[in-house]
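Chemist: These protein sequence lines map, in sequence, to chains A and B.
Residue 1201 is where the first sequence starts when you use our numbering, and the numbers rise one by one after that.
Residue 534 is where the second sequence starts when you use our numbering, and the numbers rise one by one after that.
Backbone N, C-alpha and C fix where the C-beta goes; we use that ideal spot for every residue, glycine too.
Handing you a structure now.
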Amino acid sequence: MQSIQDYLGAISSLTPVICLSTAILFTALWNLFFPRLKEITPIAGIFALLFAGTALWQQFAVGSITLFGGLYTVDPLTVLFGVLACGVGAIVILMTMGCESELGRNAGEFYTLLLVAVLAVMVLAGTTDLILLFIALETLSISCVVLAGFSKQDRRSNEAALKYLISTAATTATLLYGLSFLYGLTGSTSYYEIHNKIATFAHAPSLVVIFTMVLLLSAVGFKLSAVPFHMWTPDVYEGAPTPVTAFLSIGSKAGGFVVAIRLLSVVFASSVSDWSFILGLLAIASMIGGNLIALAQTSFKRMLAYSSIAHVGYILIGLISNSLDGLSAVSFYLIVYGLMNLGAFTGAILFCNETGSDRIDDYAGLFKKRPWLATGLAICLINLAGLPLPPAGFFAKAFVFWSGIQASGANPLAWTLIIVALLTSVPAIYYYMRVAIKMIVKEPSDAVKKLEPERKRMVDPQICPDVALAACVAGIVIASVMVNPIMKLAKDSVTPVTSPAVGMLDQNLN
Amino acid sequence: MEGFPQLTTWAQANVEQAVFYLLAVIAIPLAYGVVCDRNIIRSGFLLIGVFSTIAGLFILLSAQFLALAQIMIYGVGITLVVVIALMLTNPKAEKESMPALSIHKGPAIFVACFLFMCVYLALRSAENWPVKTDVAALSAAENLSRIGQSLLTNYSFHFEFASILLLAALIGAVMLAKAEPAVHDLNELSANEDKLKSSERADDVVKV
């Protein structure tokens, strides 16, 4: 990183990041100068995300490039999660345009902060440096805290922001403590150098490495809301504005997972057996806890919140198996889960816009009044339940379970994990299908009865959540049809971080 | 004369150790006070003391720049902001309603001891903490120029990205803190807006 060519090369590799940063400034300033044209802000945000996504996509074929002396890596994994973040961002903006009234007069700032959060996920995907990891995680947390508290007049939103802020501060402290140990042990902040240093330790995973790992895993587990670290999830999910909840449930989780993939398979590659055991316990607790508590919920958003904890448990199985299949199953699951979860939340927004209700019982009979909304929502819910109709959600679960079975030789917990996962899928099917069946079969509830036969479109942006829901359903169908190409993509994306690549890591050190 | 250099190294090591323990003896009770003091302003001031002793530790490690940064940013800047914010929000009124320590003392002590054991065992288990010997030779100016160079080369992206973090924090803080009419007022306003068909007037009303 000395010559001007290095800088120029780095800048051209960072085009998506620079593009999003420009969009952040644009959305922050546009409403100030042209308040009458404020409708442009979200549209500009969507275009910036699409542009950044395309620019990233072109880097997929390039292979692995390390920038800044190994501190930032652009490889297919970065690209895949970056594109995922951009897609999630675009859909969340569409969802938000339908309920801008909830945000008061600060809608422009909402889009700015949302773009900041997307950018943070994008950088998290590429970072191979402890300091950048910390800055990006903080950026993600701070923007999510503010987003969660965006409905200033709503007490529950304030509570959500405060709870998120306090718990995120506590995990930041554990993360920093863990990072300081890593630096103290190895004298470096680059993942690759730490990997090589730890590999040279005589008695491979000494206690201090495990201790550091536990500290880092607790910080990552908080972002993932895996079970012992899930306390903040339901209240924040319920209190935050719905688009923010949608983003938290997939955007910041994707960020957490990509950090986990890189940290565990690069930095802690030598202590696989330890972290797979710890993560196994987290996964079992998440699957049981999330699914059982979700059963008892009467609020749709709260149910989705608890079930997202359960989904994290399933995804962790793929991570634990620590193989090419396992990690690609994680990527596939995140893509499909992102689509169905965003679709479900969009359905919740559309329903809430018209009825003002979030209760599951109120969804009964929706099919009779709003057949398209009910069908779209039902497709998302059926996929979340893992039923093959269309089979995207089913494949996602099947891949993860299969990778878990394949890893059963190396991991003593593997069979327990699979059995728990299969058993807990049953309540999951029940509580998702309950909503779907209520919507389609049951007689209309009072809230639904009050609906006008034709939906009145108050303002034009009201149509945007419809577009978002349609996009999610279309995405699910496409993912069901094109399982093989997507799975190949996922495999290509995780190849650089799985075991054969360790030789490549040495090259990167120069 | 021949033994002299060794003697000074020996003396230096001992002085270093003595200063370290001195700083530790000051820092630990102060830190304890920060956590346990019931008066929050007093614990804010104790925090300044903790940060200053930590700056002393940095000087012992010949990280002069970090020591000064610690004093300027944490010891003075952030703590004073905290104390001023506390004075403005008048925590005296809150003091009465503060509940007695709600955590049970027994479990808390148990958890603290357990965590201490974990940290202690973990620290002792590492057989090879790397010790850099050449760094001590750097003068303050060299130290600073190294930091500057890495901020503009390998760490330039970090540096720029930190500005996005600050921007987001700034926007968020302003957004959350600025006074706004409640939502139902806004609806009334927009109804007025329709009647008057002039958005400028509505904006003026909102500012009030």
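Answer yes or no: does any C-beta atom of chain A fall closer than 8 Å to that of B/Met-708?
Modeler: Chain A, which has a Cβ nearer than 8 Å to the Cβ of B/Met-708, makes this yes.
Chemist: Is any beta-carbon of chain B found at less than 8 Å from that of A/Glu-1338?
Modeler: So, interface residue.
Chemist: Hey, how far is the Cα of B/Val-644 from the Cα of A/Leu-1669?
Modeler: Cα to Cα, the separation comes out at about 47 Å.
Chemist: What are the boundary residues of the alpha helix (DSSP H) that includes A/Ile-1676?
Modeler: Start and end: 1664-1681.
Chemist: Specify, as a first and last residue, the run of the alpha helix (DSSP H) that A/Leu-1267 falls within.
Modeler: It is not in any alpha helix (DSSP H) - A/Leu-1267 instead sits in the beta strand (DSSP E) that spans 1265-1267.
Chemist: Under 7 Å between beta-carbons, which chain A residues line up against B/Phe-553? List them in chain order, please.
Modeler: Result: empty, since nearest Cβ-Cβ is about 16 Å, beyond 7 Å.
Chemist: Taking the beta strand (DSSP E) that A/Val-1274 falls in, what are its first and last residues?
Modeler: Here the beta strand (DSSP E) through A/Val-1274 covers 1272-1274.
Chemist: Using a cut-off of 8 Å between C-beta atoms, extract the partners of B/Phe-690 located in chain A.
Modeler: What B/Phe-690 touches in chain A: Ala-1210, Leu-1214, Leu-1267, Phe-1268, Leu-1271, Tyr-1272 and Leu-1332.
Chemist: I'd like to know whether the C-beta of B/Cys-646 is nearer than 8 Å to at least one C-beta of chain A.
Modeler: Output row for B/Cys-646: interface = no.
Chemist: Along the region 1297-1321 of chain A, where does the CB come closer than 9 Å to a CB of chain B? Name the residues.
Modeler: So the list reads Ser-1301, Glu-1302, Gly-1304, Arg-1305, Asn-1306, Glu-1309, Phe-1310, Thr-1312, Leu-1313, Val-1316, Ala-1317, Leu-1319 and Ala-1320, given in the order they occur along the chain.
Chemist: Of all the residues that make up the region 1344-1356 of chain A, which are near chain B by a beta-carbon distance shorter than 9 Å?
Modeler: Against chain B - using a Cβ distance shorter than 9 Å - the residues of the region 1344-1356 of chain A are Val-1345, Val-1346, Leu-1347, Gly-1349, Phe-1350, Ser-1351, Lys-1352, Gln-1353 and Asp-1354.
Chemist: Can you tell me whether A/His-1395 is buried or exposed? The criterion is at least 16 other CB atoms within 10 Å of its CB, across all chains shown.
Modeler: A/His-1395 is buried by the Cβ-count criterion.
Chemist: Does the distance from the C-beta atom of A/Ala-1564 to that of A/Met-1633 stay below 8 Å?
Modeler: Their beta carbons are not under 8 Å apart, which means A/Ala-1564 does not touch A/Met-1633 by this criterion.
Chemist: Tell me which same chain residues have a C-beta within less than 6 Å of the C-beta of A/Ser-1388, skipping the five on either side of it?
Modeler: Cβ neighbours of A/Ser-1388 beyond the five flanking positions: Ile-1394.
Chemist: By the criterion of Cβ-Cβ separation under 7 Å, what are the contact partners of A/Ala-1440 in chain B?
Modeler: The premise fails here: A/Ala-1440 is roughly 14 Å from chain B at the closest Cβ pair, so nothing lies under 7 Å.
Chemist: In angstroms, rounded to a whole number, what distance separates the CA positions of B/Val-567 and B/Thr-586?
Modeler: Computed Cα separation, rounded: 14 Å.
Chemist: By DSSP, does A/Asp-1329 sit in helix, in strand, or in coil?
Modeler: Residue state, collapsed to three classes: strand.
Chemist: Below 7 Å on C-beta distance, what does A/Leu-1407 contact in chain E?
Modeler: Given the protein chain composition of this structure (A and B), no chain E is represented.
Chemist: Between which two residues does the alpha helix (DSSP H) containing A/Thr-1222 stretch?
Modeler: Per DSSP, A/Thr-1222 belongs to the alpha helix (DSSP H) from 1215-1233.
Chemist: If contacts are defined as beta-carbon pairs under 8 Å, then A/Val-1255 and A/Ala-1223 qualify, I think. What distance do you get, rounded to the angstrom?
Modeler: The amino acid at residue 1255 of chain A is misidentified as Val; the sequence shows Ala. That pair is no contact at about 12 Å.
Chemist: Helix, strand or coil, according to DSSP, for A/Ser-1390 in the structure here?
Modeler: Reduced to three states, the DSSP call for A/Ser-1390 is strand.
Chemist: Is any beta-carbon of chain A found at less than 8 Å from that of B/Ile-587?
Modeler: No, its Cβ sits nowhere closer than 8 Å to a Cβ of chain A.
Chemist: Below 7 Å CB to CB, which residues in the same chain sit around A/Ala-1596 once its five sequence neighbours on both sides are set aside?
Modeler: Phe-1532, Tyr-1533, Val-1536 and Tyr-1537.
Chemist: So for B/Ser-672, helix, strand or coil by DSSP?
Modeler: Coil.
Chemist: Would you call the region 1600-1607 of chain A in contact with the region 1547-1567 of chain A, where contact means no fewer than 3 C-beta pairs closer than 8 Å?
Modeler: Touching, no.
Chemist: Does the beta carbon of A/Phe-1411 sit closer than 8 Å to a beta carbon anywhere in chain B?
Modeler: Answer yes: the Cβ-Cβ gap between A/Phe-1411 and chain B drops below 8 Å somewhere.
Chemist: Mind reading off the beta-carbon distance from A/Leu-1340 to A/Gly-1526? Whole number of angstroms is fine, and I expect it under 8 Å.
Modeler: No, A/Leu-1340 and A/Gly-1526 are not in contact; Cβ-Cβ is about 25 Å, not under 8 Å.
Chemist: Roughly how many whole angstroms lie between the Cα atoms of A/Asn-1231 and A/Leu-1237?
Modeler: One C-alpha to the other measures close to 7 Å.
Chemist: Using only alpha-carbon positions, find the residue among A/Gly-1245, A/Leu-1267 and A/Pro-1276 that is nearest to A/Gln-1258.
Modeler: The candidate whose alpha carbon is nearest that of A/Gln-1258 is A/Pro-1276.
Chemist: Per DSSP, A/Ser-1499 forms a beta bridge with which residues?
Modeler: In the DSSP output, where bridge partners are listed per residue, A/Ser-1499 has A/Arg-1559.
Chemist: Check whether the Cβ atoms of A/Gly-1349 and B/Leu-709 sit closer than 8 Å, and answer yes or no.
Modeler: Yes.
Chemist: Helix, strand or coil for A/Ala-1210 per DSSP?
Modeler: Three-state result, A/Ala-1210: helix.
Chemist: What is the rounded straight-line gap between the Cα of B/Ser-732 and the Cα of B/Lys-711?
Modeler: Its pLDDT being 45, under 50, B/Ser-732 is placed unreliably by the model, and nothing is read from it.
Chemist: Closer than 6 Å by C-beta to A/Phe-1500: which residues in its own chain qualify, once you throw out the five before and the five after it? Chain order, please.
Modeler: Closer than 6 Å at the Cβ level, and outside the excluded window around A/Phe-1500, lie Ala-1548, Asp-1558 and Ile-1560.
Chemist: Taking C-beta pairs closer than 8 Å, name the residues in chain B that A/Ala-1228 reaches, listed in chain order.
Modeler: Simply Leu-700 and Ile-704.
Chemist: For A/Leu-1613, which of A/Gly-1421, A/Phe-1477 and A/Thr-1412 has the nearest alpha-carbon?
Modeler: The option with the nearest alpha carbon to A/Leu-1613 is A/Phe-1477.
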